[in-house]
Amino acid sequence: MKNRSLKLAVSFILVMLISCDEPETVVTDIVHTDGSVTRKIEMKNTENKFELEKIQVPFDSTWIVKDSLEISDKGDTTWVKRAEKLYGNVSEIDQAYVADSGSNRGIPRRAEFKKTFKWFNTEYHFAEIIDRKIKNGYPVSDFLNQEELKWFYSPESVVKEKTEGPDSLKYKAFEDTVKKKTDRWAYKCLVSEWSAAFLMLTEGKAGSDITKESLKAHEDDLVKLLETNEEGLDNNFDSLWTKGILLQRYLGLENGQKFMIEADSAAAISAENVLFDFKEYTVRIIMPGKLIGTNGFVDSTDIMLWPVKSDYFTTQQYEMWAESKTPNKWAWYVTGIFLLFVLAGIIFRSVRK
Numbered sequence: 127m128k129n130r131s132l133k134l135a136v137s138f139i140l141v142m143l144i145s146c147d148e149p150e151t152v153v154t155d156i157v158h159t160d161g162s163v164t165r166k167i168e169m170k171n172t173e174n175k176f177e178l179e180k181i182q183v184p185f186d187s188t189w190i191v192k193d194s195l196e197i198s199d200k201g202d203t204t205w206v207k208r209a210e211k212l213y214g215n216v217s218e219i220d221q222a223y224v225a226d227s228g229s230n231r232g233i234p235r236r237a238e239f240k241k242t243f244k245w246f247n248t249e250y251h252f253a254e255i256i257d258r259k260i261k262n263g264y265p266v267s268d269f270l271n272q273e274e275l276k277w278f279y280s281p282e283s284v285v286k287e288k289t290e291g292p293d294s295l296k297y298k299a300f301e302d303t304v305k306k307k308t309d310r311w312a313y314k315c316l317v318s319e320w321s322a323a324f325l326m327l328t329e330g331k332a333g334s335d336i337t338k339e340s341l342k343a344h345e346d347d348l349v350k351l352l353e354t355n356e357e358g359l360d361n362n363f364d365s366l367w368t369k370g371i372l373l374q375r376y377l378g379l380e381n382g383q384k385f386m387i388e389a390d391s392a393a394a395i396s397a398e399n400v401l402f403d404f405k406e407y408t409v410r411i412i413m414p415g416k417l418i419g420t421n422g423f424v425d426s427t428d429i430m431l432w433p434v435k436s437d438y439f440t441t442q443q444y445e446m447w448a449e450s451k452t453p454n455k456w457a458w459y460v461t462g463i464f465l466l467f468v469l470a471g472i473i474f475r476s477v478r479k
């Protein structure tokens, strides 16, 4: 087996896998009171280049497609592809996700709709949910405070506005802080995945001295070495790993020499688990009636917005939800008529007395 170091696997963590040719994609879910959903896809690109098999959400020939060309005041050309389809209910959306053959196939996603009658109003709950990708990582909330988490989940437009605004120096420094902490989170998740894979590969081969607890005890040490290596400090991580010195330090001389192949294989497995390919996009939700709650970013027209990035569901479920209500006018009329009858009865009894 070709030798692969953990550093080689982790080196891709900080590389942005976004191509300049990737269209900017927005998926809009228009939720109707009966639970049906009109889904719209809008893709924009600087050239007339759209590969339909790379669309981020399920798409097939049943969609209504319209192409157009937009020219800005500055003369910039933007090619736009719009598609629309009506789903009878969220079960149809779920079935489409299961059968998806697009760029994000294999990512477990689903939709959820609930309708609750409350006499004067009917309330609606809609959500797009993406299940977590790995089991052995850590929640990003363990590394970021509430203010940093808000920045982490913010749309690119919000980040850009702040880092290019009047307080740009302040926000750029804050952005650097968040990046350093999320880098550490990514390293910690990778090392944790490596530990789990290594235990699986050495099950029944190693003695009782290699345990989940003993490996976790050294996670922070490995993370620090990886961080200093990225900062350009000469800690010879690659050399230490390739020669087996790191493994011998953490597993003991005998185990470090014995399980080098398993350690390299675990590095490859953990890299594949953590560094999965995912094409980013944006989700917008339009709810029926009046919006009463959401965890998304709300614009001036009460339309919710969520960026969808792989970091958001690497270690924990990512749920984009919104709630709204519509008045039941007939319930108000019935209640009013009932109250009039009650009031009339009270007056009638008073007159008779």
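Mind the numbering: the sequence shown is residues 127 to 479 in the working numbering, read in order.
Note that CB positions come from ideal geometry on N, CA and C, so glycine has one too.
Check                                                                                                                                                                                     : Outcome
Please state whether DSSP places W189 in a helix, a strand or coil.                                                                                                                       : coil
Just reading off the beta strand (DSSP E) that M430 is part of, what are its end residues?                                                                                                : M430 to V434
Just to check my reading of the structure: V216 and G161 have Cβ atoms closer than 8 Å, yes? What is that Cβ distance to the nearest angstrom?                                            : 7 Å
I need the boundaries of the beta strand (DSSP E) containing N215, first residue and last residue.                                                                                        : Counting along the chain, N215 falls outside any beta strand (DSSP E), and DSSP gives it neither H nor E.
Taking C-alpha atoms, which residue in V409, E319, D437 and E345 lies nearest to A392?                                                                                                    : E319
As a quick exercise: from E339, V424, K314 and A322, pick the residue whose alpha carbon is nearest that of V284.                                                                         : V424
Tell me where the beta strand (DSSP E) around V153 begins and ends.                                                                                                                       : E150 to V157
In its own chain, which residues sit with a C-beta less than 6 Å from the C-beta of P433, not counting the 5 before and 5 after it?                                                       : P281 and T408
Just tell me which of T461, L379 and Q182 has its CA closest to the CA of V152.                                                                                                           : Q182
Based on the DSSP secondary-structure assignment, which residues constitute the bridge partners of N230?                                                                                  : Answer by DSSP bridge pairing: none, since N230 is not bridged.
Any contact of the region 259-269 with the region 162-181, i.e. 3+ C-beta pairs under 8 Å?                                                                                                : no
According to DSSP, G462 sits in a beta bridge with which residue or residues?                                                                                                             : Answer by DSSP bridge pairing: none, since G462 is not bridged.
So the candidates are T328, R258, G462 and I219; which of them puts its Cα closest to the Cα of G382?                                                                                     : T328
State yes or no: is the C-beta of N174 nearer than 7 Å to some heavy atom of the ligand PLP?                                                                                              : The ligand PLP is not part of this structure, which contains no ligands at all.
By the DSSP assignment, the alpha helix (DSSP H) with L275 in it spans what residues?                                                                                                     : Q272 to F278
Got a sec, what are the start and stop residues for the beta strand (DSSP E) M446 sits in?                                                                                                : Y444 to P453
Alpha carbon to alpha carbon, what distance is there between D268 and S365?                                                                                                               : 31 Å
Under the DSSP definition of a beta bridge, which residues are partnered with A209?                                                                                                       : I167 and V191
Taking the runs of the beta strand (DSSP E) that are 3 residues or longer, which of them lie wholly in the region 387-416?                                                                : 407-412
Give the C-beta separation of V317 and L348 to the nearest angstrom, bearing in mind that I take them to be a contact with Cβ-Cβ under 8 Å.                                               : 5 Å
Taking 6 Å as the limit between beta carbons, can you name the residues of its chain near E210, skipping five residues before and five after?                                             : K166 and I190
Can you tell me the Cα-Cα spacing of R475 and F246, whole angstroms?                                                                                                                      : 30 Å
Excluding the 5 residues flanking G419 on each side, which residues of the same chain have their C-beta closer than 6 Å to its C-beta?                                                    : E449
Does the region 399-414 come close enough to the region 248-255 to have 3 or more Cβ pairs within less than 8 Å?                                                                          : yes
Residue range of the beta strand (DSSP E) that A237 falls in?                                                                                                                             : R235 to K244
State the Cα-Cα distance for the pair R375 and E445, rounded to the nearest angstrom.                                                                                                     : 41 Å
Can you tell me where the beta strand (DSSP E) holding F252 begins and where it ends?                                                                                                     : N247 to I256
Who are I197's beta bridge partners in DSSP?                                                                                                                                              : T203
Identify, in the order they occur along the chain, each residue of the same chain with its Cβ nearer than 6 Å to the Cβ of I156, setting aside the five sequence neighbours on each side. : T164 and I412
Excluding sequence positions up to five away, which residues of its chain have a Cβ less than 6 Å from the Cβ of D199?                                                                    : none
With distances taken between CB atoms, is the gap from F385 to L372 smaller than 8 Å?                                                                                                     : no
State the Cα-Cα distance for the pair F402 and N230, rounded to the nearest angstrom.                                                                                                     : 10 Å
Among F185, F243, G330 and D390, which one has its Cα closest to the Cα of W456?                                                                                                          : F243
Whose C-beta lies closer than 7 Å to the C-beta of Y223 among residues of the same chain, with five residues either side of it excluded?                                                  : P184, R235 and R236
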